[in-house]
Each structure stands twice: as C-alpha cells, then as structure tokens.
Amino acid sequence: PTLKSDCAQFVKRCVQCQKHGNLIHASAEQLHSVSSPWPFALWGMDILGPFPIAKGQNKFLLVAIDYFTKWIEAEPLATITANNVQKFMWKNIITRFGIPHSIVTDNGLHQSEAQQVYPRFGNQTPIHIG
Numbered sequence: 126p127t128l129k130s131d132c133a134q135f136v137k138r139c140v141q142c143q144k145h146g147n148l149i150h151a152s153a154e155q156l157h158s159v160s161s162p163w164p165f166a167l168w169g170m171d172i173l174g175p176f177p178i179a180k181g182q183n184k185f186l187l188v189a190i191d192y193f194t195k196w197i198e199a200e201p202l203a204t205i206t207a208n209n210v211q212k213f214m215w216k217n218i219i220t221r222f223g224i225p226h227s228i229v230t231d232n233g234l235h236q237s238e239a240q241q242v243y244p245r246f247g248n249q250t251p252i253h254i255g
C-alpha cells in the first residue's frame, strides 16, 4: 500500500535519478523585448544571494547591467540597505556614466528602498519593478 510513496522517496534521494531525470519546466510566459535608447540610459539591477559568507562578511552581490552596451557593474555586500544601494549607484554608475534615464529591477531590490535612493541624486529616475 505504500509502494508509490516509497518509490517517490527513493527517487528524491537518488542522486543519479535527480541528475538524469526529466526537468520540470515552469509554464511558458511571453517574453518582452527591452530596448535602451542610448548607452547607459537604461540599467537593470538585481541582488544575488545570500551566498556563503566571504571575506568582509559579504554574502550578497549587487549587480547592475546596462541594457544597451551590456556593461556590468557588481559589488559584494554584507547587507542590503538603501544606503548601500545608494553608495553603489553613486560610485559605480552615476559618477562614471551619469544619472540613468530609468532602472529596471525585480522584487530583490525592494521598491521602497530603491525609491528612497534616487531622489537624493536630484532627479526623478523611474524605477520599473518587473
């Protein structure tokens, strides 16, 4: 009577079954093209982690990519705060490439924190959460 659940448990613990079994695909979703009008106008930002703690207690990676040139800026961080994001933007983006026309993020860069950052630079850079 427990054969089905026993088999399921065996397959879950079997490394070879997990490595070579069928992949479970997420449902297909329409892809949308994103284009940038000029270099360094549209940036995508994301936060990766947490990773195992590294030198300097860093366990997150803040990454920004320019949609036009595909230029990448990244910095390891110990904590994710609006102040850390502001410092990253100032040091890695604004002082080198100017104030972006807009920024695209997902829920990793919390909208409320992101919205606190950009008015400090004296502009109304739109932040698109998607």
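Just so we're aligned: 185 in my numbering is position 60 of the sequence shown, and the numbers increase by one with no gaps anywhere. Yeah, the Cβ is synthetic: ideal placement off N, Cα and C, and Gly gets one too. Remember, predicted model here, so these are calculated numbers, not experimental data.
Sequence-distant residues of the same chain with beta carbon closer than 8 Å to residue i, five excluded per side
i: Pro175; result: Lys184, Phe185
i: Asn209; result: Leu187, Leu202
i: Ala179; result: Pro201
i: Gly181; result: Pro201, Ala203
Which residues DSSP lists as bridging residue i, in chain order
i: Gly169; result: Ile190, Val229
i: Phe185; result: Leu202
i: Ile197; result: Ile190
Residue i in three-state terms, based on DSSP
i: Leu202; result: strand
i: Ile178; result: coil
i: Ile224; result: coil
Contacts around residue i, its chain only, beta-carbon distance under 6 Å, and the 5 residues preceding and following it disregarded
i: Leu173; result: Leu186
i: Glu198; result: Ala189, Asn217
i: Ile205; result: Ile172, Phe185
i: Leu156; result: none
Supposed contact pair residue j and residue i - C-beta distance, whole angstroms, cut 8 Å
i: Trp168; j: Asp131; result: In fact, because the Cβ distance is near 51 Å, the residues do not count as touching under 8 Å.
i: Asp171; j: Val159; result: Contact flag wrong, Cβ pair sits at about 14 Å.
i: Pro164; j: Phe135; result: Wrong, their Cβ atoms sit about 54 Å apart, outside the cutoff.
i: Ala153; j: Pro225; result: Contact flag wrong, Cβ pair sits at about 31 Å.
Same chain only: Cβ atoms within 7 Å of residue i, ignoring 5 sequence neighbours per side
i: Cys142; result: Val136
- Message: To test your reading of the DSSP string, which unbroken alpha helix (DSSP H) runs of 4 or more residues are found completely within the segment 132-165?
- Response: 140-145
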